[in-house]
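Shown next, in structure tokens, is the structure this report addresses.
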Amino acid sequence: MNNTLTLCGSLSRYPVSLGAKMHTAAYAALGLPWLYMPFAMRSEDLGAALVGMRALGIRGLGVSMPFKIEVLPLLDRIDGAAARIGAVNTIVNEAGTLTGFNTDADGAARALEETLGELSGKRCLVLGAGGAGRAVAFGLKDRGAQVTLANRTGSKAEALAAEVGGSALDWSLAVARPGDFDVLVNATSAEMARDTEASHCPVEAAALRSGQVVMDIVYKPIHTLLLQRATSAGAICIHGGRMLLHQAARQLELYTGLPAPLSVMARALEDALA
Ligand code: ATR
194 MNNTLTLCGS LSRYPVSLGA KMHTAAYAAL GLPWLYMPFA MRSEDLGAAL
244 VGMRALGIRG LGVSMPFKIE VLPLLDRIDG AAARIGAVNT IVNEAGTLTG
294 FNTDADGAAR ALEETLGELS GKRCLVLGAG GAGRAVAFGL KDRGAQVTLA
344 NRTGSKAEAL AAEVGGSALD WSLAVARPGD FDVLVNATSA EMARDTEASH
394 CPVEAAALRS GQVVMDIVYK PIHTLLLQRA TSAGAICIHG GRMLLHQAAR
444 QLELYTGLPA PLSVMARALE DALA
């Protein structure tokens, strides 16, 4: 690694800053003369942005929706896990060759592993079969977990279960009996709108079990209604910031080839979320 300035960043529809906070803190901790620039742009400019990435030698870019899917046909290579998930959240530029990775799946698995240890054989119930649910389901399955999927629109859970090699459970049964599982992951966007009238948490505290692990991938708010209920039921809680942190840590490892300074990145994220 030399001392020339290296640029990384992110492509999103709207300005975002959490990635910049974590990556910038990591560069400082690692003593790297690197910069991280979040770019907000339109879908129609995605192709041009990638041409720019090659021309300018931008080392890595994180991408958020809808670019995670739109970018697929524009890349030179797609990592195996990202290809199976059908979404890319990280682009690495290796001498002009752009490879797409998915660190969301790995981030979800790591966030669980740091609390639970090995995921192999663990019975995991994933609520949600949208983009986030897909990444979580593949991430857990890749670690050998037994994945059960439930989704408000049941046909989507069945289709994803068939793809992942897991099983599907009826939504109303799943939200009534999450205590039957070692791990419950909320990968729906249901609580995103928690502050509005229409919002709700589908899982009651009485349905949760002491000692089981409950992870919510929602990080705004950080203490979601689900996690509040899980805490009152005596469950072990993992908030959405941990998945966010670990997906960024994996990105940093792909860009730099160095182990991520996790505690530094976690502090930067906590400050940003506070
Ligand atoms: P994301 O990329 O965040 O996963 P998405 O692909 O739009 O976003 O998926 C949103 C997920 O949250 C879906 O699983 C959706 O369920 P449906 O497929 O039935 O729409 C789920 N979801 C959103 N609002 C919900 C609610 N109020 N109750 C239950 N599930 C909800």
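All the letters of the sequence shown, read from the start, carry residue numbers 194 to 467 under my numbering. Glycine included, C-beta positions come from ideal geometry on N, C-alpha and C.
ask   = How many Å lie between residue 405 and residue 414 at the Cα?
value = 22 Å
message = Give me, in chain order, the residues of the same chain whose beta-carbon lies closer than 7 Å to that of residue 398; leave out the 5 immediate sequence neighbours on both sides.
response = 422, 425, 426
ask   = Is residue 320 near the ligand ATR, going by C-beta to nearest heavy atom under 8 Å?
value = yes
Best match in 250, 212, 374 for proximity to residue 285 [C-alpha to C-alpha] = 250
task = Please confirm if the region 292 to 309 is in contact with the region 441 to 454, defined as three or more CB-CB distances below 8 Å between the two stretches.
result = yes
query = With burial defined as no fewer than 16 other Cβ atoms inside 10 Å of the residue's Cβ, what is the status of residue 390: buried or exposed?
reply = Residue placement at residue 390 is poorly supported in this model, since its pLDDT is 44, which falls under 50; the coordinates are not used for a value here.
message = Please tell me whether residue 201 and residue 252 are closer than 9 Å, where the distance is taken between their beta carbons.
response = yes
request  = Count the other C-beta atoms from every protein chain shown that fall within 10 angstroms of the C-beta of residue 321, then say buried if there are 16 or more, exposed otherwise.
outcome  = buried
key: Simplified DSSP assignment, three categories, for residue 319   = strand
request  = Identify, in the order they occur along the chain, each residue of the same chain with its Cβ nearer than 6 Å to the Cβ of residue 403, setting aside the five sequence neighbours on each side.
outcome  = 427
task = Report the option in 354, 329, 347 whose CA atom is closest to the CA atom of residue 341.
result = 354
request  = From the DSSP output, in three-state form, read off residue 371 for me.
outcome  = helix
query = Which class does residue 247 belong to by DSSP, given the choice of helix, strand or coil?
reply = helix
key: Where residue 207 falls, given that 16 or more other Cβ within 10 Å makes a residue buried   = exposed
query = Which residues share a DSSP beta bridge with residue 378?
reply = 319, 408
task = Check whether the Cβ of residue 326 sits closer than 8 Å to any heavy atom of the ligand ATR, and report yes or no.
result = yes
query = What is the residue span of the alpha helix (DSSP H) that residue 348 lies within?
reply = 347 to 357
inquiry  = Using the three-state DSSP reduction, which class does residue 336 fall into: helix, strand or coil?
reply    = coil
key: Residue nearest to residue 432 in terms of C-alpha spacing, selected from 462, 362, 450   = 462
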